[in-house]
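K.L.:
Heads up: the sequence shown is residues -24 to -1, 1 to 672, going by mature numbering (1 follows the signal peptide of the UniProt record, and there is no 0).
From the three backbone atoms N, C-alpha and C, an ideal C-beta is built for every residue, glycine too.
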Amino acid sequence: MRVWRGWDFVVTLLLGSSSRKAVATSTALLPSYPLAVKSPYLSTWVPGDQLSDIATAGPQFWTDEELTWPILARVDGTTYALFGSPSGFTSDLQAAKTENVSYSSLHTYFKLSAKGVNFTLDFFSPVYPKAEDYALHSLPYSYLTVNATTTGSDIREVQVFSAIDYTWTAQDGAADLNFTTTGNTSFFWWHNPKEIPFTESSDQATWGSVLFGTGSTSDSYEISHDCNTPNSVYSSFLSTGTLSASNSSCSGTYLAALSTDFGRVTSNGSSITFAVGFERPQLVNYLNQTQTGFHRTKWPNIPEAISYFLSYYSQALSRSRTFDAMVRSNTESVSSEWGSQYADICEASVRQAFAPVELAVPADDLSAAPSAFLKEISSNGNMNTIDVIFQSWPIFINLNPEWFILQLKPLLEYMKSGRWPKAWVIHDMGLHYPNATGHDDGEAEQMPLFETSSMFILMYAYQKLSGNDSYTTKYSDLLPGWAQYLADNGLYPSKQLISVDAIAATPNQTALAMQSAMGLKAAALLTGNDSYSDIADDFAKTIYDDGLGLNDNKSHFTYNYGDNDNWNVIFASFSDVFLNLTTFPQNAWDLQARWYLSEIQEAGLAFAGPVSDRGVDWALTDWNIMTAAALGSEDLTREIVNTTHAFLTNGINEIPFGTKYYVSGSDAGVWIANKARSTVGTHFSIAALQQGLWTY
């Protein structure tokens, strides 16, 4: 494994033919960089340890499956690989020199040089969180912009090339490949007419359409294209700087390539923008009803969608710069001491937090209000798992709280139908994305107290933050039964899980009882029934005042009642503090913060302890930051942020932001599990608690 160091710089990007803007970016070294990260199936990354030589680095799906995405440039007749260099052309293809790498919330920037030309590759996956932009956000595409500029008075002749192939389809060439032009947009389109909807292969979608295209720009560069064998396509560009356009319909195993001739490039710069996308008109199966992407309410067909996406690029770029600056400034401002590290963490989390969530409407009713469907990535692929929604909600506090209620909506609708037979809230909407088939037999993963309390907390959070009680009203019939379940079962939890299912189920978990009490507090506020709040107060008195949930000398909360030595990270504290539920006094959080400071190791705070009790020598970055945000200890928050940042940037991992890693021993800092998950949204907990909903 190659380990390389990040560069400290503020890069000047030439992203248009005549505009020069300085963009402040993060130079933290990431384990993997997001390239096209927009949906559960458009999730393309490049491992950080490959980027000491960007030209030879290769993109991957989040599962590590290799994808084909070469980017080449021809300068005064000499061809250089900028990224994803194809093999077999060593005598005709040189590697451009790597200059630096950086990222922001929505962009990943690679800068290279070759023969007096400076190249910037800008991989840009837009995020539009506001309700008025849901259709725009739902467009399942990402941008790649290639910019070329010279220094001083130098002039160079430059042609640019990029391509993808069937590796993006997970269908081994079974999908048909065609080239289409509509208006100013030219694109390749993979589609298998014999596709089987709602199927996967190794987490990649095996239905839908992969798109790769470009549109005309203000520079009006001529576009050439070809789909042919890789050898034929590469040879054409290497020898002539253009493509033959010999085929518009060809084998699905062929390489689909686009190129442009910038002509004479000067210090003013020239650029071309490509789009890559994964369209699934049959988006998900919700209770045997096909849902389609919310963008189809405005752009019903694929040519319209990709054309609009490309035509919107200038506005998208301008908006992204404003968004990126906001995220950096707001997250960095939380601390003059460690705010920069915290901003690095949050910027690395944005695209990853949104990509597993898709906005949808019924395919037969495009006028319907949207719902959101979530894939539990990097585990079992469950749909709309409540504990995963709960593990990501802080980012939506800052950007738009409706995002977490939209993810709860499919679950609430299902339970309102009466098909879920249990007295508690369901764990998920289906065993594996994209099939939200429910669990009519009641055989879902059992986290009854955690899921039920989380539902109350999230519903109340949405109502409080938005001032909208429509969801509370619509699903009011469900709430009393769930509240009674918490009242009857919350103080002495039976043997069950608490979100972290890597730890075996046990009875009498203190943190579960504490969160049950918080859920009852939220239930009281939602229903107007103060008796639930009284029961919660009784729970809290028993757990804290009477010491049921404390060790003998009352120095910390225990993992299980009566076990003096064990403990865990009580992330439920965030709900209590952020929502001002006041279930537990600040003194309770102060003692727990002191305990964590005494237990934290050089590489971070383990989720539970001691190691001899459960063998837990690993941390969870999301739960750690959520807990540190809530407890109010500056010392603890600093330690958690700094150890999380050290894990993120240590150069020994090569996965999309993972959240679970070893904190002790020879493997300290090594990632274990959980990558590319939406749960990194919880990294925004500190900003959420300090700043609430951002104005933008």
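Which runs of the beta strand (DSSP E), 3 residues or longer, sit entirely within the stretch 387 to 470?
P.N.:
Here no run is fully enclosed.
K.L.:
Compare the Cα-Cα distances from D29 to each of S588, R132, V77, W647 and report the closest residue.
P.N.:
Answer by Cα proximity: V77.
K.L.:
Using 8 Å as the cut-off, can you tell me whether the stretch 507 to 515 makes contact with the stretch 542 to 550, which would need three or more C-beta pairs spanning the two stretches below that distance?
P.N.:
No, the stretch 507 to 515 does not touch the stretch 542 to 550.
K.L.:
DSSP three-state label for G24, please.
P.N.:
G24 falls in the helix class under three-state DSSP.
K.L.:
From the DSSP output, read off the bridge partner residues of N358.
P.N.:
According to DSSP, which records beta bridges pairwise, N358 is partnered with nothing at all.
K.L.:
If you run the structure through DSSP and keep just helix, strand and coil, what is S347?
P.N.:
S347 falls in the strand class under three-state DSSP.
K.L.:
Rounded to whole angstroms, what is the Cα-Cα separation between T125 and G495?
P.N.:
Cα-Cα distance, rounded: 57 Å.
K.L.:
Determine the DSSP secondary structure at T216, reduced to helix, strand or coil.
P.N.:
The answer is helix: DSSP assigns T216 an H, G or I state.
K.L.:
Here's the rule I'm using: 16 or more other beta-carbon atoms within 10 Å means buried, otherwise exposed. How should G159 be labelled?
P.N.:
By the neighbour-count rule (16 or more Cβ atoms within 10 Å), G159 is not buried but exposed.
K.L.:
Please classify D68 as buried or exposed, where buried requires at least 16 other C-beta atoms within 10 Å of its C-beta.
P.N.:
The residue in question, D68, is exposed, as its Cβ has fewer than 16 Cβ neighbours within 10 Å.
K.L.:
Can you tell me which residues form a DSSP beta bridge with D98?
P.N.:
Y85, T121.
K.L.:
Can you tell me the Cβ-Cβ gap for G634 and K651, rounded? I've got them flagged as a contact below 8 Å.
P.N.:
That belief holds up - the Cβ atoms of G634 and K651 are roughly 4 Å apart, short of 8 Å.
K.L.:
What distance in whole Å lies between the Cβ atoms of D611 and L573, which are believed to be in contact at a cut-off of 8 Å?
P.N.:
Right, the Cβ-Cβ distance comes to about 6 Å (below 8 Å), so this counts as a contact.
K.L.:
Considering only residues of the same chain and omitting the five flanking positions on each side of Y672, which have a CB-CB separation below 6 Å?
P.N.:
The residues are M302.
K.L.:
Closer than 6 Å by C-beta to G217: which residues in its own chain qualify, once you throw out the five before and the five after it? Chain order, please.
P.N.:
Result list for G217: R50, Q135, in chain order.
K.L.:
Restricting to runs no shorter than 4 residues, where is the alpha helix (DSSP H) found entirely within the stretch 258 to 343?
P.N.:
The stretch 258 to 343 contains these whole alpha helix (DSSP H) runs: 278 to 287, 289 to 308, 315 to 323, 326 to 330.
K.L.:
Within a Cβ cutoff of 6 Å, which residues of the same chain sit near Y117, ignoring the five residues on either side of it in sequence?
P.N.:
Cβ neighbours of Y117 beyond the five flanking positions: A251, G253, F285.
K.L.:
Exposed or buried, what is T655 when buried is set at 16 or more other beta-carbons lying within 10 Å of its beta-carbon?
P.N.:
Classification of T655: buried, given that the 10 Å Cβ count is 16 or more.
K.L.:
How many Å lie between Y318 and L669 at the Cα?
P.N.:
So the alpha carbons of these two residues sit roughly 18 Å apart.
K.L.:
What residue from S355, F583, A12 has the CA that sits closest to I479's CA?
P.N.:
It is F583.
K.L.:
Can you give me the Cβ contacts of S200 inside the same chain, cut-off strictly under 7 Å, excluding the 5 residues immediately before and after it?
P.N.:
Excluding residues within five positions, the ones whose Cβ falls inside 7 Å are T218, L219, A221, S235.
K.L.:
In terms of residue numbering, what span does the alpha helix (DSSP H) encompassing I479 cover?
P.N.:
Segment: none, I479 is in no alpha helix (DSSP H) and carries neither H nor E.
K.L.:
Please indicate yes or no: does the CB of A499 lie closer than 7 Å to some heavy atom of the ligand PLP?
P.N.:
Annotation note on the ligand PLP: not contained in the displayed structure, which lists no ligands.
K.L.:
Rounded to whole angstroms, what is the Cα-Cα separation between residue 677 and V93?
P.N.:
Nothing about residue 677 can be read from this structure; the chain reaches only from -24 to 672.
K.L.:
What are the start and end residues of each continuous beta strand (DSSP E) run of 3 or more residues lying completely inside the stretch 587 to 669, in chain order?
P.N.:
List check, beta strand (DSSP E) in window: 594 to 596, 634 to 638, 647 to 651.
K.L.:
Report the rounded CA-to-CA distance for V186 versus T145, giving the unit in angstroms.
P.N.:
In a straight line, the C-alpha of V186 is about 7 Å away from that of T145.
K.L.:
Roughly how many angstroms lie between the CA atoms of A344 and G60, to the nearest whole one?
P.N.:
Roughly 42 Å between the two C-alpha positions.
K.L.:
Helix, strand or coil: which one does DSSP assign to H532?
P.N.:
Coil at H532, not helix or strand.
K.L.:
Just the C-alpha distance for H113 and N529, rounded to the nearest angstrom, thanks.
P.N.:
Spanning the two alpha carbons is a distance of roughly 53 Å.
K.L.:
DSSP three-state label for R570, please.
P.N.:
Residue state, collapsed to three classes: helix.
K.L.:
Just reading off the beta strand (DSSP E) that D152 is part of, what are its end residues?
P.N.:
Where D152 is concerned, the enclosing beta strand (DSSP E) stretches over 152 to 158.
K.L.:
How many Å lie between S446 and P386 at the Cα?
P.N.:
Their Cα atoms are separated by approximately 15 Å.
K.L.:
Name the DSSP bridge partner or partners of H201?
P.N.:
H201 is bridged to L234.
K.L.:
From R295, P370, Q328, A181, pick the residue whose C-alpha is nearest to that of F550; which is it?
P.N.:
When each option's Cα is compared against that of F550, the closest is P370.
K.L.:
Using only alpha-carbon positions, find the residue among S661, I631, G657, W647 that is nearest to P35.
P.N.:
Among S661, I631, G657, W647, the Cα nearest to that of P35 belongs to I631.
K.L.:
CA-CA distance, T66 and S211?
P.N.:
Spanning the two alpha carbons is a distance of roughly 12 Å.
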